[in-house]
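**Q**
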Amino acid sequence: MRIFVAGHRGMVGSAIARQLEARGDEVITRSRTELDLLDQQAVRAFMSANRPDAVIMAAAKVGGIHANNTYPAQFIFENLMMECNVVHEAFQAGIERLLFLGSSCIYPRDATQPMNEQALLTGRLELTNEPYAVAKIAGIKLCESYNRQYGTDYRSVMPTNLYGPGDNFHPENSHVLPALMRRFHEAVRDGLDEVTIWGTGTPRREFLHVDDMAAGSLFVLDLDKDVYLANTEPMLSHINLGFGSDLTIAELAHLIAKVTNFTGKIVFDPTKPDGTMRKLMDVSRLAAMGWTAQIPLERGVSETYRWFLANPAGLRIA
Numbered sequence: 003m004r005i006f007v008a009g010h011r012g013m014v015g016s017a018i019a020r021q022l023e024a025r026g027d028e029v030i031t032r033s034r035t036e037l038d039l040l041d042q043q044a045v046r047a048f049m050s051a052n053r054p055d056a057v058i059m060a061a062a063k064v065g066g067i068h069a070n071n072t073y074p075a076q077f078i079f080e081n082l083m084m085e086c087n088v089v090h091e092a093f094q095a096g097i098e099r100l101l102f103l104g105s106s107c108i109y110p111r112d113a114t115q116p117m118n119e120q121a122l123l124t125g126r127l128e129l130t131n132e133p134y135a136v137a138k139i140a141g142i143k144l145c146e147s148y149n150r151q152y153g154t155d156y157r158s159v160m161p162t163n164l165y166g167p168g169d170n171f172h173p174e175n176s177h178v179l180p181a182l183m184r185r186f187h188e189a190v191r192d193g194l195d196e197v198t199i200w201g202t203g204t205p206r207r208e209f210l211h212v213d214d215m216a217a218g219s220l221f222v223l224d225l226d227k228d229v230y231l232a233n234t235e236p237m238l239s240h241i242n243l244g245f246g247s248d249l250t251i252a253e254l255a256h257l258i259a260k261v262t263n264f265t266g267k268i269v270f271d272p273t274k275p276d277g278t279m280r281k282l283m284d285v286s287r288l289a290a291m292g293w294t295a296q297i298p299l300e301r302g303v304s305e306t307y308r309w310f311l312a313n314p315a316g317l318r319i320a
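Those letters in the sequence shown? Residues 3 to 320, per the working numbering, in order.
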């Protein structure tokens, strides 16, 4: 198949592109300078000229609590525009297959744990990332609406918190796992005896290795249409993609300290926001169709840290 991976330079898109290439598919990619997904005319021209067999929408503006709080307008505008342009212009070009990647933050802050797909739109969202979550919910509904009106086969998966090779290790704009990895690494490098972490350490989070995410996403893309439809609903068609278990931020910090060989004191700052107290995905829908994650957290974190160390200074960590 000829598959366009939007966002192939990010952690998510690059993992998917690697697995597509490994199985023999032709991967079509464009850098941001070659194709601005915020430009509808440019997206239209690209889709019309290339007409891939399928599109995987992995492009997104992403970040942690700090980034979401600081740039809420950019998070909602850019994600909405990219989704609308890619989905609509794929349809206009006659492309019938598309996979949209969302996020576990689509679910209400107080959703029953673990969160199943039916929890969508049943309560208020976490305020710290509401603009991003609203954009991702809109992406799901965009795909479902085109399926409903035009008979396309546009599917959505909702990955939990991801980590792995190619992650963003920015000290302020990254997610919790890579941010902690960089902080502990620098503490060891600089001989510090204490590391301070935002929040109380009590929130629980689930983490999925990006290679597992790619495998699960392609599993969903490859599902026979009858199987996909039999296990979803027309306007509730997204599928959770997670590891299936979680741990506290404090437990995660101690795991990363172990992997990075930090032996000092870990301090939590309760004056900083915790975010949602728990975000565990119910992955029973996907498991029933035959897929579960394979990479244990400690192994995945160790592999990610080796990748971090192997990259030249400044690469993805500046």
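Quick reminder that beta carbons are idealized off the backbone N, C-alpha and C, glycines included.
This one's a predicted model, so the numbers in the text were calculated from it and none came from an experiment.
(1) Out of Met3, Gly9, Ala69, Lys63, which has the shortest C-alpha to C-alpha gap to aspartate 55?
(2) Please go through the same chain and pick out, in chain order, the residues whose beta-carbon is closer than 8 Å to the beta-carbon of glutamine 223, but skip the five residues on each side of it.
(3) How many Å lie between leucine 127 and asparagine 70 at the Cα?
(4) Which residue wins for smallest C-alpha separation from glutamine 21, given the options Pro275, Ser239, Met215, Ala290?
(5) With three or more C-beta pairs closer than 8 Å as the rule, is the region 200 to 218 touching the region 286 to 304?
(6) Nearest-angstrom Cα distance between alanine 189 and glutamate 253?
(7) Leaving out the 5 sequence neighbours to the left and right, which residues in its chain are closer than 6 Å to serine 105 when beta-carbon positions are compared?
(8) Can you tell me which residues form a DSSP beta bridge with isoleucine 241?
(9) Within a Cβ cutoff of 6 Å, which residues of the same chain sit near asparagine 131, ignoring the five residues on either side of it in sequence?
(10) List the endpoints of the continuous beta strand (DSSP E) containing alanine 56.
(11) When DSSP builds the beta bridges, which residues end up paired with lysine 281?
(12) Hey, could you find the ends of the alpha helix (DSSP H) threonine 202 is sitting in?
(13) Please report the distance separating the alpha-carbon of threonine 273 from that of methionine 183.
(14) What is the DSSP secondary structure of threonine 35, counted as helix, strand or coil?
(15) Go through its chain and collect everything with a Cβ distance to alanine 320's Cβ below 6 Å, but skip five positions before and after it.
(16) Contact between the region 108 to 116 and the region 74 to 82: three or more CB pairs below 8 Å?
(17) To the nearest whole angstrom, what separates the beta carbons of glycine 15 and alanine 60, a pair I think is in contact under 8 Å?
(18) Would you list the residues sitting across from tyrosine 165 in a DSSP beta bridge?
(19) Take every Cβ of the region 189 to 201, pair it with every Cβ of the region 254 to 273, and state whether three or more of those distances are shorter than 8 Å.
(20) Going by alpha carbons, who is nearest to asparagine 313 out of Glu36, Phe6, Phe171?
(21) Determine contact between the region 235 to 243 and the region 282 to 290, defined as no fewer than three beta-carbon pairs at a distance below 8 Å.
(22) Rounded to whole angstroms, what's the CA-CA distance from histidine 90 to glycine 166? Just pull it up for me.
(23) Smallest Cα separation from histidine 68: which of Pro161, Thr250, Tyr134, Leu225?
(24) Might you give, ordered along the chain, the residues of its own chain that have their beta carbon closer than 7 Å to the beta carbon of methionine 283, omitting 5 neighbours on each side?
**A** Well, looking at it:
(1) Looking up residue 55 in the sequence shown gives position 53. That would be Met3, whose Cα lies nearest to the Cα of aspartate 55.
(2) On the sequence shown, position 221 is the one that residue 223 refers to. This sequence places leucine at residue 223; glutamine is not what is there. Counting only Cβ-Cβ distances below 8 Å, and skipping sequence neighbours, we find Ala56, Ile58, Arg99, Leu101, Arg157.
(3) If you number the sequence shown from 1, residue 127 lands on position 125. If you number the sequence shown from 1, residue 70 lands on position 68. Their Cα atoms are separated by approximately 13 Å.
(4) Within the sequence shown, numbered from 1, the residue matching residue 21 stands at position 19. Out of Pro275, Ser239, Met215, Ala290, Met215 has the C-alpha closest to the C-alpha of glutamine 21.
(5) Between the region 286 to 304 and the region 200 to 218, the count of C-beta pairs closer than 8 Å reaches three or more; the two stretches touch.
(6) In the sequence shown, residue 189 corresponds to position 187, counting from 1. In the sequence shown, residue 253 corresponds to position 251, counting from 1. Each residue's alpha carbon lies about 18 Å from the other.
(7) To locate residue 105, count along the sequence shown from 1; it is residue 103. Around serine 105, the same chain offers Lys138 as residues with beta carbons nearer than 6 Å, after the five sequence neighbours per side are excluded.
(8) Here residue 241 refers to the residue found at position 239 when the sequence shown is read from its first residue. BP columns for isoleucine 241 point to Val159.
(9) For the purposes of this step, residue 131 is identified with residue 129 of the sequence shown, where counting begins at 1. Same-chain partners within the cutoff: Asn70, Cys107.
(10) Translated into positions along the sequence shown, residue 56 becomes position 54. From DSSP, the beta strand (DSSP E) with alanine 56 extends over 56 to 59.
(11) Here the question's residue 281 lines up with position 279 in the sequence shown. Lysine 281 pairs with Arg207.
(12) For the purposes of this step, residue 202 is taken as residue 200 along the sequence shown, with counting starting at 1. Counting along the chain, threonine 202 falls outside any alpha helix (DSSP H), and DSSP gives it neither H nor E.
(13) Within the sequence shown, residue 273 is the residue found at index 271, counting from 1. Within the sequence shown, residue 183 is the residue found at index 181, counting from 1. Looking at the two C-alpha atoms, the distance is approximately 22 Å.
(14) Taking the sequence shown and counting its residues from 1, one reaches residue 35 at position 33. In the structure shown, threonine 35 sits in coil (DSSP, three-state: anything other than H, G, I, E or B).
(15) For the purposes of this step, residue 320 is identified with residue 318 of the sequence shown, where counting begins at 1. Residue placement at alanine 320 cannot be trusted, given a pLDDT of 41 that sits under 50; the coordinates are not used to answer.
(16) No: the two stretches stay apart, fewer than three of their Cβ pairs being nearer than 8 Å.
(17) As a position in the sequence shown, residue 15 is number 13, starting the count at 1. As a position in the sequence shown, residue 60 is number 58, starting the count at 1. Between alanine 60 and glycine 15 the Cβ distance is about 4 Å, and since that is below 8 Å, they are a contact.
(18) Here residue 165 refers to the residue found at position 163 of the sequence shown. Note: tyrosine 165 sits in a beta bridge opposite His211.
(19) The region 189 to 201 is in contact with the region 254 to 273.
(20) For this step, residue 313 is matched to residue 311 along the sequence shown. Minimum Cα distance to asparagine 313 is reached at Phe171.
(21) At 8 Å Cβ cutoff, the stretches touch.
(22) What you label residue 90 is simply residue 88 of the sequence shown in a count that begins at 1. What you label residue 166 is simply residue 164 of the sequence shown in a count that begins at 1. Counting only the Cα atoms, glycine 166 lies some 31 Å from histidine 90.
(23) Within the sequence shown, the letter at position 66 stands for residue 68. Cα-wise, what sits closest to histidine 68 is Tyr134.
(24) For the purposes of this step, residue 283 is identified with residue 281 of the sequence shown, where counting begins at 1. Excluding its 5 nearest sequence neighbours in each direction, methionine 283 has C-beta neighbours in its own chain below 7 Å: Ser106, Pro116, Met117, Thr162, Glu208, Asn242, Gly244, listed in chain order.
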